[in-house]
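S.K.:
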Amino acid sequence: MNIGDVGKIAGAVVADLQNLATAKSGQFVVNRDNVLAATKVIQNQVDSLRDRTVDAAELLRVVPPGQDQVSGLVAEEWNRRLVYDEGSYVERVKAYIKGLDNLVVQLRESAIAYGFNEDEIEAALGKSGD
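This note's numbering puts the first residue of the sequence shown at 4, with every later residue one more than the last.
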């Protein structure tokens with residue numbers, strides 16, 4: 004794979020991650036009739052994003068195109084900006100996922116407040132949120 008191919012892949016992955024990281028939040032009304040379904044939808048999204056982020060982060064890592072010092076330094080800088088730094092694309096998506104995780108916790112608490120017990124919540128979510 005040449006550096007041009009890496010650039011195309013990185014560009015596509017960055018665009019996908021950027022779209023996920025900047026997704027607009029919406030509003031929805033939760034009630035006793037839909038709280039379990041809403042919880043399952045959000046949990047499934049969390050699971051999907053978490054899996055996709057791991058794969059995308061791997062694809063974003065830049066390998067030095069040469070053995071020289073400049074190539075190593077440039078690749079290191081790109082990796083920091085794309086994957087490792089606090090404000091990197093990967094970290095932004097992780098923050099978005101954390102927000103969705105928090106929403107799942109709130110929805111589970113709402114389900115309990117609506118009278119559902121933990122067994123009913125787990126049954127509605129399926130094994131590990133499936």
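Beta carbons: idealized from backbone N, C-alpha and C, even for Gly.
#1: Straight-line CA distance for Val77 to Asp88?
#2: Looking only at its chain, what residues have a beta carbon closer than 8 Å to the beta carbon of Lys97, apart from the 5 residues adjacent to it on each side?
#3: On a Cα-Cα basis, can you pick out the residue from Leu106, Ile124 and Asp54 that is closest to Ile45?
#4: Starting from the C-beta of Val93, find all residues in its chain whose C-beta is less than 6 Å away, skip the five residues before and the five after it, and write them out in chain order.
#5: Which residues mark the beginning and the end of the alpha helix (DSSP H) in which Asn47 is found?
#6: Between Ile48 and the rest of its own chain, which residues show a CB-CB distance below 7 Å, the 5 nearest in sequence each way excluded?
#7: Is the CB-CB distance between Leu152 and Ile124 below 8 Å?
#8: Taking the C-alpha atoms as reference points, what is the distance between Asp36 and Gly129?
#9: Along the chain, where does the alpha helix (DSSP H) containing Ser74 start, and where does it finish?
#10: Give me the residue from Arg111, Ala41 and Glu80 with the minimum Cα distance to Arg64.
#11: Between the Cα of Thr42 and the Cα atoms of Leu62, Asp50, Leu110 and Asp122, which residue gives the shortest distance?
#12: Just to confirm my understanding: we take Val33, look at its own chain, exclude 5 residues before and 5 after, and list those with CB closer than 7 Å. What are they?
M.R.: Short version:
#1: Straight through space, the alpha carbons of Asp88 and Val77 are spaced by roughly 15 Å.
#2: Leaving aside the five residues that flank Lys97 on each side, the residues in its chain whose CB is nearer than 8 Å to its CB run, in chain order, Thr56.
#3: Considering only Leu106, Ile124 and Asp54, the residue with the shortest C-alpha distance to Ile45 is Leu106.
#4: Closer than 6 Å at the Cβ level, and outside the excluded window around Val93, lie Ala60 and Val86.
#5: Val38 to Leu63 is the span of the alpha helix (DSSP H), which, as asked, contains Asn47.
#6: Residue 48 is actually Gln in this sequence, not Ile. Cβ within range, chain order: Leu103.
#7: Outside the modelled stretch of the chain, which goes from 4 to 133, sits residue 152, for which no answer is possible.
#8: About 18 Å.
#9: Counting along the chain, the alpha helix (DSSP H) containing Ser74 begins and ends at Gln72 to Asn82.
#10: With distances taken between Cα atoms, Arg64 lies closest to Glu80.
#11: For the residues Leu62, Asp50, Leu110 and Asp122, the minimum Cα distance to Thr42 belongs to Leu110.
#12: Here Val33 has Ala41, Leu110 and Ser113 as same chain residues with Cβ atoms under 7 Å from its own Cβ, once five neighbours each way along the sequence are excluded.
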